[in-house]
Structure formats: structure tokens, C-alpha cells
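What follows is a short report on a single structure.
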């Protein structure tokens, strides 16, 4: 790269006199004949009115105005933006210029950017309408537009968009329209818990800040769902549509760059549905390193992790993630026979252009293959992306001034047993990662009650109940106002058979948050155990009102009403419970009795 | 970038050397025999000799463009500096130099970005040539006597096209002008600017 920019700089220094000479040497290169076809094919998808790029590159005047930049950014391979190096496992939508194509821009600028013969211009390209695949089946948009501030640092924000669906639909494709040039990349996620809405409501601005996504906000089942300018429509692979459930909120995590003037942002997402439900479900696996600790000035720190593939599977896609100090990202698979296969190489990571990559042909990895992640960091002043000058010590964390090292794989196991093997190993890793992640959170803030709760939950998952109990106790001590801390302490007491203590904890949780459905449900169970039918009924009714999908609360309330001789009230509850949990014999029996008595 | 860093000190020296030897410290915001012909144009097309631009301490010309994302992102910082410097006799002017920009586009841009400082055009790029400005955004700060205080980038957000930090860590133009306003010495410091090139050097 240095040699390219050097040559270019020299061309500039020599100036117009030189360009006359070189125009004779490279007389063949002209705009309409040589440059326009390249711009049309590789650039104008974004560089045209109404799209994401900051200026258009359709006409001679457009190109001549930005000609020197075009020559520079194409020679550097900054444009068209595409981070992975060429490798044998190719990706869908690779955007790369060939060396001769790059040379065309160089020669054209050196020749003084001649227009050439308009008669030899390529036919104007036909662009798709507003939506690539025609009108989507469902378009959702931000309820209130957000204004990106004119100045200041880059903005990271989640926006919550309700999805008005009556029934679950299968998403075959989606397209993201930020309607603003401030949007630089985005991740589409889904929340069914209402937590994202709650956070959105905490301040008056649309959305909620930060890189720290709530636990309940997840990417669509088995998919990555990232967007960056030029991404166009994103399609689910055949047979792998993802389900969008009624009552879901779309949560869009967005990286915004101030443009120098206040900029309205009104994100729209268009969905294309299919009647064909998924015939298979991809699994996602995360490789991650949480022990990043970068001394100022360090240029060769490496974060690694590895994952042993538990069953034969195809890798469908890959998603690397690091922040501004990550420089080089590598992923390999070591096959059982010892061969090394490159899954991804990004020689010069660029946070601004992060996204996921789908393999053109899925990459088969036999059971026993080991996937290795290796991310190199540069925390020196020479790293032009370094947010701190002079460099500061940087450790793991979710903010852009912290660092992360992650590599996600989207895999399709070959068999149902394989799927189970992945789920088991994923659960183990999720617990491991949750422990490591929350320990790091506690290192950053030892009074982070939510981190103690998460840590305790992970210990419960590992059946380390005593350790879990300790975490919940600490959570309550450091965050006495945190409903979840009291709730999980209640769970831990219940597991130990300490019902009085459990009851007190759940009471505290629902007092702090009357909307805590599971808190009411657990109180219902404890009251029931104590033989307090009416008290239990009150709690189950509260739980059911807050969460209509709580089949246990629904069944329990139905059974109580039946026992109280209120069969008329019991019947609809038991019908609903039987629908949600058809395998429950107790509910089925009770329903039969209720129907007879209600006659 | 490496080559620019190597060129930079040379450019700085050259600017100082030119200032001493050829220009004799007498060009810029005030009229001198050698540069009295240099002028910019206002948006109505009226020539504005650069001798008329200086306040009591000098002036700052900032080259900008209607569709350069790097220049546009710097607009809020420039407007805030303009406010600060105007108050102490150092007015800031936005200057458009691209032959591809119409007056209507420039007016529209100024309106969109809330630019409340005088906007001028360097038709023919004579002033840019004189002071070696060639990209947007690039500032040329001059004393009332025409000595170069500073030429170059506004801040260090971009270190090359496509290489930007989440926020700047250095504000070179502000620092250079404040140093001058405090110390009274025009150092002729040059820090290469990164942005959209409007003319060959």
C-alpha cells in the first residue's frame, strides 16, 4: 500500500505538466470507455442518490470531482469495502477489484481524467426499486425518528421496533433501510421479553444507548443478521427460514457516524415471508477470549480461543468481532487428519465495516475438527484507529474504548444426533462464557449486581448450587433494588427447601417490580405448597396476566378453581393450558372433569 | 501515509523559507504589492481581495466542499472555532475551490449545515495555489501581515481516507491558532490534511 500511495503522491507533486506527458503514454484510458463501466458495476450500488454513500459516482462530473480519491481508495483496497483476503473457501457477495481494474483508475487520473467519447458510454444500469425484491410482506419502522447529533463521537444505539404480527411467520429474506447516511453498520436482533422496550422508555430519546445488549435480546434463531452499506437484501439459506414470533420487538443495534449536521434516522425493515417452515436449524457457536489486557504501545498481543466440533457439520457463515485495536483476524480449522483449512483471514481489520460472511459453498468440518481463532491487537499510537492518544491500557469490555475478541460460526449439523451434540457443547460453552464474561464485568465494577445474578445463574446451570447461592446473596447485598437478585435468591432458597426465606425473597422481587411474572408464579407455587389456595390463585392470576404464555400458572389456576368447585372458571383455563402443554396428563384429566361438571 | 509524513517537515520548512525569502512576510490578509491581485469571490460573484479579510489578528481560510464527508464532519468544530476566533479579531472563512460546485449547491450546503460564517469561492484556485492548500478540509491561518501561522488538518480524526477514530484526539488548527493568539509567533507549522483533493499539487 505504501508504494501505491507513494506513486500517487509523486504524480500529484509533478502536477499538470506531467499529466500531459502521461496522457500520451496511457492515451487509451478515458471515462466513458473505461472508468464508467467499473463505477457502474462496483461503486454505483451505493454511490448514487438515495443510497448510503456520501456522494454519487454516476456521471463524468461526479467521477472527475472525486477521481483522485477513487484512485487512492481503490489502490488501498478500502473501496469497494471488503475485509476478507482471497482464500479457497469463497464468500457470497465478495466485492473486490482486480489489479487491472485498479490500474484503470490509476491510469485515468494520471492521464488527467479525460472524459472520452460519450457515445461509447455503457448503457445506464437499471437499479431495483425501493425494495430489491419488490414490496415486502411486512414493513416495520421506528415509531419515532432519532436525530443523530451533528457533532461528537460515533454513536452506538439500540432502536426498538414493535413487530405487528398475529401469528408466527417464517422469514425468507429481509432488507434494511436506515434512510440516512449516518448509519454505518447494524445488527438485527429480536426481543420477546419486553426488556428492550423497558430500557427504551428510560430516557426521552428513541432507543437506548450502548454496546451492552440486554441478555434477552438475541439474534434471530441460528442467524447473524448483520447489515452494512451495500449489503442489500439478506436471504435465509433454503430450508433455513427463521421464525418471527408475534409479540416480538425488533432490536436494531446501530453504529452511527455524525455527519456535521443533525441527521434524522428512521430505520425501516422489510420482511419477505415464506410458508415453508425451516426444515433444519443452524446452530451458532462462539469462540471468545475475555482475558484481553493490552498494555499501552503493545503491537503483537494475540487473543485466541478454540472449539472442538462435536459432530459432522457444514459451516454456513462466520462473524468476527473486535473493536478499534483489533488488527488481524484469523480463523482456521484443523481437520482430524491434521490438514489446516483457512476459514477467514482479515489482514487489516476495520471496525467500521464489520459484518458476517456466508460461504458460497458450505464448508464441511468432520467431528473432531478444531476451529482456532486468533486476533492480533495493536495498542500503539501508530494504530490510526486507536481511540486514545497517547494509548491507554485497554482490557476486555463491551464499550468501544474496551476490547473484544470473538468469532461466531453458523453451522448446520448433518444429523439430529449431531444437533444434540452441538446443543450440549454449546450449553457447556455458554455457561463457561457467561462465567468468564461476568467475572470480567465484576472486575470492571465489583458492585454490578446484574453480573452476580448472571454468574449465579451460570453456576446453577453447572449444578454448583452452593456457589450460585453465594452469588445471589452478594447480588442482593450490592444491589438491594434489583428485582432479579431477589428473585434468584428466592429460587436458590426454594432449591434448598427454605420456603419461608424463598417466599420473602419473591415478595421483595414483586414489590420492586410488580411486573415480575415469574416472581408471582413462584409465589403461587409456594402458597399452593402451604395449602393457601386463594393466595396461590391470586399469584397465578397475576403471573398469567403478565405473561399469557405461562402454561404452568394457567394450569395451576385451573386446577385450583376446579378444586374450589368453580368448574365454570376452571374450564377455559384448563383448555388453554391443555393447548399449550398437550402432553400434560394431569391437565387433560382435570379438563375432562371440568367439562363434565360445567355442564 | 508514510510518504506524507516524510514530506511534511520539508513542506513546513519550505513554507517558512518562502515566507522569509520570497514573500518577505508581507502577503496574506493585508495587501502587498506581490499579492494584491489575489482575491476570492463571494457567492454573488463579487471579488473580495484577500487583503480585506483580516481582522485585527489575522484570518483563517478553511477549504471545504459540499459533498466531502470528512470536511462535513468537521463543520461543527469549525463553526465553534469561528465563533471563538472572531471574538478576538481572527475571522474564519469557508472557501469552496472545486470547479464542479455551483453557487446554488454551495448555498444549499451552507443552509443545510447551518454555516453562519462568510462563504467564499476560490475560482481558479489561485489562493489555494499560493498557500499550497489542496484538500478539504484544510485550513490556512494567516497573520494580518500575511505570515503563515498554520496550514493543514483541522483535527486527527482521519489519518487516511477510510481510517478514522471514533473521535479526534488532537485539534491541530485550534491549538495552532490559540498558540499564536497567546504567543504572537506565526510558526508556519504544517500538518498534512486528509480529505477530498480538489487540485493536484
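Residue numbers (the working numbering), protein chains in the order written: chain A, 1 to 599; chain B, 1001 to 1201. Just so you know, even glycine gets a beta-carbon here, dropped at the ideal spot from N, CA and C.
Cα atoms of residue 49/A and residue 259/A: separation of roughly 17 Å, rounded to the nearest angstrom. 401/A is the residue among 459/A, 33/A, 421/A, 401/A whose C-alpha sits nearest the C-alpha of residue 294/A. Look at the stretch 1138-1169 of chain B: the residues with a C-beta under 8 Å from a C-beta of chain A are 1156, 1159, 1160, 1161, 1162, 1163, 1164, 1165, 1166, 1167, 1169. For residue 454/A and residue 435/A, the gap between their C-alpha atoms comes out near 8 Å. Judged by DSSP secondary structure, residue 139/A falls within the beta strand (DSSP E) whose first and last residues are 138-141. The C-beta distance from residue 415/A to residue 311/A rounds to 7 Å, short enough to meet the 8 Å contact threshold.
Excluding the 5 residues flanking it on each side, residue 554/A has same chain C-beta neighbours closer than 6 Å at 544, 573, 576, 577, in chain order.
In this structure, DSSP gives residue 314/A an extended state, which the three-state scheme calls strand.
Residue 1059/B: member of the beta strand (DSSP E) spanning 1058-1064, first to last residue.
The Cβ of residue 55/A sits closer than 7 Å to at least one Cβ of chain B.
Taken in chain order, the complete alpha helix (DSSP H) segments of 4 or more residues contained in the stretch 426-492 of chain A are 449-461, 465-478. Judged by their CB atoms, residue 523/A and residue 483/A are not nearer to each other than the 7 Å cut-off. CA-to-CA, the gap between residue 133/A and residue 253/A works out to about 24 Å. DSSP places residue 174/A within a strand segment (E or B) once states are collapsed to three. Between residue 1129/B and chain A, the shortest Cβ-Cβ separation is not below 7 Å. Straight through space, the alpha carbons of residue 331/A and residue 343/A are spaced by roughly 5 Å. Put simply, the CB of residue 1057/B is far from chain A, with every gap to its CB atoms at 7 Å or more. Between the stretch 374-389 of chain A and the stretch 313-329 of chain A, the count of C-beta pairs closer than 8 Å reaches three or more; the two stretches touch. For the set 275/A, 469/A, 301/A, 440/A, the Cα lying nearest the Cα of residue 168/A is the one of 275/A. Separation of residue 504/A and residue 510/A (C-alpha to C-alpha, rounded to the nearest whole angstrom) is 10 Å. A direct Cα-Cα distance of roughly 40 Å separates residue 486/A from residue 271/A. With a cut-off of 8 Å on Cβ pairs, the stretch 1126-1142 of chain B is in contact with the stretch 1172-1191 of chain B, counting three or more such pairs. Interface residue (Cβ-Cβ distance to chain A less than 7 Å): residue 1119/B is not classified as such. Note that the C-beta distance between residue 31/A and residue 55/A is not below 7 Å.
Per DSSP, the beta-bridge partners of residue 373/A are 305/A, 331/A. In the displayed model, residue 227/A falls within a strand according to three-state DSSP. Contact annotation: residue 196/A and residue 148/A have beta-carbon atoms that are not nearer than 7 Å.
Looking from the CA of residue 173/A, the closest CA among 127/A, 188/A, 114/A, 233/A belongs to 233/A.
Residue 242/A: member of the beta strand (DSSP E) spanning 242-244, first to last residue. The count of Cβ pairs closer than 8 Å, one atom from the stretch 124-133 of chain A and one from the stretch 214-227 of chain A, stays below three, leaving the stretches out of contact.
Against chain B, the CB of residue 73/A has a partner CB under 7 Å away; the residue lies at that interface. Secondary structure of residue 362/A (DSSP, three-state): strand.
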